[in-house]
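Chains as they are written, first to last, in the working numbering: chain D, 1 to 370; chain Z, 1 to 370. Don't be surprised by glycine CBs; every beta carbon is placed ideally from N, CA and C. The structure displayed is predicted, hence computed values, not measured ones.
There are 2 protein chains.
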Amino acid sequence: MSPSFISPSRRLRRTPFSPGVEAAGVKAYTVYNHMLLPTMFRSIEEDYHHLKSAVQVWDVACERQVEIRGPDAGRLVQMLTPRDLRSMRPGQCYYVPMVDETGGMLNDPVAVKIAEDRFWISIADSDLMIWIKGIVWGLRLDVLVDEPDVSPLAVQGPRSDDLMAAVFGDRVRDIRFFRFDWFEFQGVPLLIARSGYSRQGGFEIYVEGTHLGMPLWNALMEAGKDLDVHAGCPNLIERIEGGLLSYGNDMTRENTPHECGLGRFCNTMTAIGCVGRDALLRVSQEGPVRQIRALEIDGPAVPPCTEIWAISDERGRSVGRVTSAAWSPDFNTNAAIGMVKLTHWDPDTRVFVHAPDSVREATVRESFFA
Amino acid sequence: MSPSFISPSRRLRRTPFSPGVEAAGVKAYTVYNHMLLPTMFRSIEEDYHHLKSAVQVWDVACERQVEIRGPDAGRLVQMLTPRDLRSMRPGQCYYVPMVDETGGMLNDPVAVKIAEDRFWISIADSDLMIWIKGIVWGLRLDVLVDEPDVSPLAVQGPRSDDLMAAVFGDRVRDIRFFRFDWFEFQGVPLLIARSGYSRQGGFEIYVEGTHLGMPLWNALMEAGKDLDVHAGCPNLIERIEGGLLSYGNDMTRENTPHECGLGRFCNTMTAIGCVGRDALLRVSQEGPVRQIRALEIDGPAVPPCTEIWAISDERGRSVGRVTSAAWSPDFNTNAAIGMVKLTHWDPDTRVFVHAPDSVREATVRESFFA
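Set out below in structure tokens:
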């Protein structure tokens, strides 16, 4: 596909940070949860080097929240994921794969436990709220399910702590990974978690109230001048190197969590009553027959991976597919994420990737790059 | 918002017709149900004039199907909509607003009744399948719910009958509005309905099997050479003139069907057991306090409507909002769709529209333009 324009409309929602994103010279978007998500500012490679060396502010308002509140909230959230949540406490964030009745992935959100009877589910790209509402209606549970006016703003990169401390005070440095605490901005308490869709460290600020969006954006940009702060966004190369999966790209409803390497989040012996439990218990006993793997694809930089690329063995038989790929400057190879059959998923197995420009040789890796 | 590029990825799914769309010189896309939907080929105005005078082939694969099959299928579909479906027969298509428990719009699909125990729900832009799956799981209904490999291809415009007859035979002319029948293409039976998202007449072919996509696209293009066939897409101007609402633009979960002018599809006295019934019964008794209206906005061509534009009265008080707008060459005015308070929804009421370039005077119309 050659580069194409996106037609603006209300349906592709703008965010509280859109004026900042535009002023920073955004060059391309994707659409995520019916919302604009920037994908590039200077170039993918320039953004990549900067993310790894400085600090960026990301408009990830498209990580919409599903608020679940009420006496049945805890019971419902446990119903929604095969991960055992009994040890989860307020102040914690849990990565919680969610599946349908057959164990097929519906979303891979982060659950934020605000109180015993109140959660935010911070979602990947599917309308998870209506799935949850459907279950609630069917079971007549005592909960409210809604999309609050909350838009995450991420601060990512090695200088994140310094930037955040400049705006929110040194206490922000004490937040542990996947924990959150409350901090004031212009008199409004905001939930801040140490999390984010990169391997460079950082925070996500859950900005409650659209009107706070640009004041906070501007405060971060102002405070970060000496830190070389720049507008950024989830970076294709960095997330592939780091093995950060993308729902809709690397996994869909066709896949079980076990295929996605998320079996450790499936406690099917104890998360009793969760959707998909029977199917996943079976999968966990038998093991998956294909699984996500990191791959190195030989040759020069691959073209954009806009469709599944078949993986075959030396006799041309299908042994998997590549779902994300990009040239990695730091590792000097094409880094890729793919689903590989168990016959070929051992480290160092050589396979063939059918990229649109040519058939390339490739190597299955033991683990991701970074 | 200035024009921006869309970043290609597997998550923004291509369609069986994408090679044809690209070869025809698509200039812009939107994203709809996680899939690419063309929005412009030559220019919005050129596409508009051509649609109204000739015939176009549209890649509307993004109108995904939710298949509902099994002994509880009929009961479930009635549960999903406030429209009374008791008179619906196989061979019919019904426009069926779907709402949540509070009567808020979740989608406005077309239900296609294939058999007493089998439906396709042809959806607007929300992941309706997981809403339905949630209900099915909660109630343990005996149905299968899935997204089949079915991609609609629309043929729209005044010469649609001639083009379709050239490919499928004259029997296609006998299909009545919102009815369907089966026709063979390369030995495969395809469901063809007289329907589509324009006021120019035409058909939708439910192409079952990705591999049939391009052969059918090419057959239509070849057969339509003398009819000036061209690749097209839902046209912004034509759909506003015709009052074809767009879910996500003109209505969202904030709105009831009655606000959207869809009260006639809400049979809350007889569609017993449907989701949202209690809320909608109340709404139907009291009547909505705001409703969709056609508007004419004074002045030169408005800029693209990418956000809600406030509507105020002469004293600056809010009386509604514009959600879609475009310059109409045929009506020589800015045609718009908006939600208007009952104090100002009478025909010929003058109001003020706060467009991004200026505050414009505007007139509420009795009905849509075409």
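**Report entry** Cross-chain neighbours of residue 5(D) in chain Z, by beta carbon under 9 Å
**Finding:** 3, 4, 5, 6, 27, 28, 29, 39, 40
Report task. For chain Z, find out if any of its Cβ atoms is closer than 8 Å to the Cβ of residue 215(D); answer yes or no. Result -> no
Requested in this report: Please decide whether residue 356(D) counts as near chain Z, where near means a Cβ-Cβ distance under 8 Å.
Outcome: no
Query raised in the report: Which residues bound the beta strand (DSSP E) around residue 394(D)?
Result: Outside the modelled stretch of chain D, which goes from 1 to 370, sits residue 394(D), for which no answer is possible.
Report task. Use the C-beta contact count for residue 268(Z): other C-beta atoms within 10 angstroms, 16 or more gives buried, fewer gives exposed. Result -> buried
Query - Per-residue burial, residue 152(Z) [other beta carbons within 10 Å of its own, 16 or more giving buried] - result: Buried, by the Cβ-count rule.
Requested in this report: State the beta-bridge partners of residue 352(Z) as determined by DSSP.
Outcome: 312(Z), 361(Z)
Query raised in the report: Is residue 362(Z) closer than 8 Å to residue 295(Z) when the C-beta atoms are compared?
Result: Residue 295(Z) places its beta carbon less than 8 Å from that of residue 362(Z).
Query raised in the report: Under a CB-based cut-off of 8 Å, is residue 372(D) close to chain Z?
Result: Any answer about residue 372(D) is impossible in this case: the structure gives chain D only from 1 up to 370.
Requested in this report: Closer than 7 Å by beta-carbon distance: list the chain Z residues that pair up with residue 100(D), in chain order.
Outcome: For residue 100(D), the residues of chain Z that pass the 7 Å Cβ criterion are 133, in the order they occur in the chain.
Requested in this report: Closer than 9 Å by beta-carbon distance: list the chain D residues that pair up with residue 34(Z), in chain order.
Outcome: 31, 125, 126, 248
Requested in this report: Keeping to the same chain, check which residues put their C-beta closer than 6 Å to that of residue 320(Z); ignore five residues upstream and five downstream.
Outcome: 311, 338, 339, 340, 341
Query - Interfacial residues, the stretch 294–316 of chain D to chain Z, with Cβ spacing under 7 Å - result: 304, 305, 306, 307, 308
Requested in this report: Check distances from the C-beta atoms of the stretch 86–118 of chain Z to those of chain D and list, in chain order, the residues that come in under 7 Å.
Outcome: 100, 101, 106
Query raised in the report: The alpha helix (DSSP H) spanning residue 147(D) covers which residue range?
Result: Looking at the DSSP string, residue 147(D) is not in any alpha helix (DSSP H), and its letter there is neither H nor E.
**Report entry** Residues near residue 351(Z) by beta carbon distance below 8 Å, same chain, minus five either side
**Finding:** 295, 311, 312, 313, 319, 320, 340, 344, 361, 362, 363, 364
**Report entry** Buried or exposed by the 16-neighbour rule on C-beta atoms within 10 Å, applied to residue 272(D)
**Finding:** exposed
**Report entry** C-alpha gap between residue 32(D) and residue 12(Z), whole angstroms
**Finding:** Each residue's alpha carbon lies about 9 Å from the other.
Query raised in the report: Going along the chain, which unbroken runs of the beta strand (DSSP E) with 3 or more residues stay wholly within the stretch 176–221 of chain D?
Result: Counting only runs of at least 3 residues, the stretch 176–221 of chain D fully encloses the following beta strand (DSSP E) elements, listed from N- to C-terminal order: 180–185, 188–193, 202–208.
Query raised in the report: So with Cβ pairs under 8 Å, would you call residue 15(Z) a contact of chain D?
Result: False, the Cβ-Cβ gap to chain D never drops below 8 Å.
Requested in this report: Within its chain, find whatever has a CB closer than 8 Å to the CB of residue 200(Z); leave out the 5 residues flanking it on each side and keep chain order.
Outcome: 51, 52, 156, 157, 158, 160, 238
**Report entry** Where residue 86(Z) sits in the DSSP three-state scheme
**Finding:** Under the three-state reduction of DSSP, residue 86(Z) is assigned to coil, being neither helix nor strand.
Report task. Would you please state the rounded distance, in angstroms, between the beta carbons of residue 149(Z) and residue 187(Z)? I believe it to be under 8 Å. Result -> Between residue 187(Z) and residue 149(Z) the Cβ distance is about 17 Å, and since that is not below 8 Å, they are no contact.
Query - One or two residues paired with residue 67(Z) in a DSSP bridge - result: 120(Z), 146(Z)
Query raised in the report: Is it the case that the Cβ atoms of residue 250(Z) and residue 323(Z) are separated by a distance below 8 Å?
Result: yes
Report task. State the Cα-Cα distance for the pair residue 257(D) and residue 130(Z), rounded to the nearest angstrom. Result -> 18 Å
Requested in this report: Anything in chain D within Cβ reach of residue 12(Z), meaning under 9 Å, just list it in chain order.
Outcome: Those are 30, 31, 248, 306, listed as they occur along chain D.
Query raised in the report: Whose C-beta lies closer than 8 Å to the C-beta of residue 214(Z) among residues of the same chain, with five residues either side of it excluded?
Result: Excluding sequence neighbours, residue 214(Z) sits near 16, 17, 19, 20.
Query raised in the report: Cα separation between residue 84(D) and residue 286(D)?
Result: 20 Å
Query - Runs of beta strand (DSSP E) wholly within the stretch 222–247 of chain Z (minimum 3 residues, chain order) - result: 229–232
Query - Classification of residue 1(D) by the beta-carbon crowding that lies within 10 angstroms, buried from 16 upward - result: In this predicted model, residue 1(D) has a pLDDT of only 46, less than 50, meaning its place in the structure is not dependable enough to derive any value.
**Report entry** Proximity below 8 Å, CB of residue 146(Z) to CB of residue 67(Z)
**Finding:** Against a cut-off of 8 Å, the Cβ pair of residue 67(Z) and residue 146(Z) comes out as a contact.
Query - Within-8 Å CB hit, residue 130(Z) to chain D - result: It does; some Cβ of chain D falls within 8 Å.
Query raised in the report: So, using beta-carbon positions, are residue 112(D) and residue 122(D) closer together than 8 Å?
Result: yes
Query raised in the report: What is the DSSP secondary structure of residue 134(Z), counted as helix, strand or coil?
Result: Under the three-state reduction of DSSP output, residue 134(Z) falls in the helix class.
**Report entry** Per DSSP, the bridge partner or partners of residue 327(Z)
**Finding:** 334(Z)
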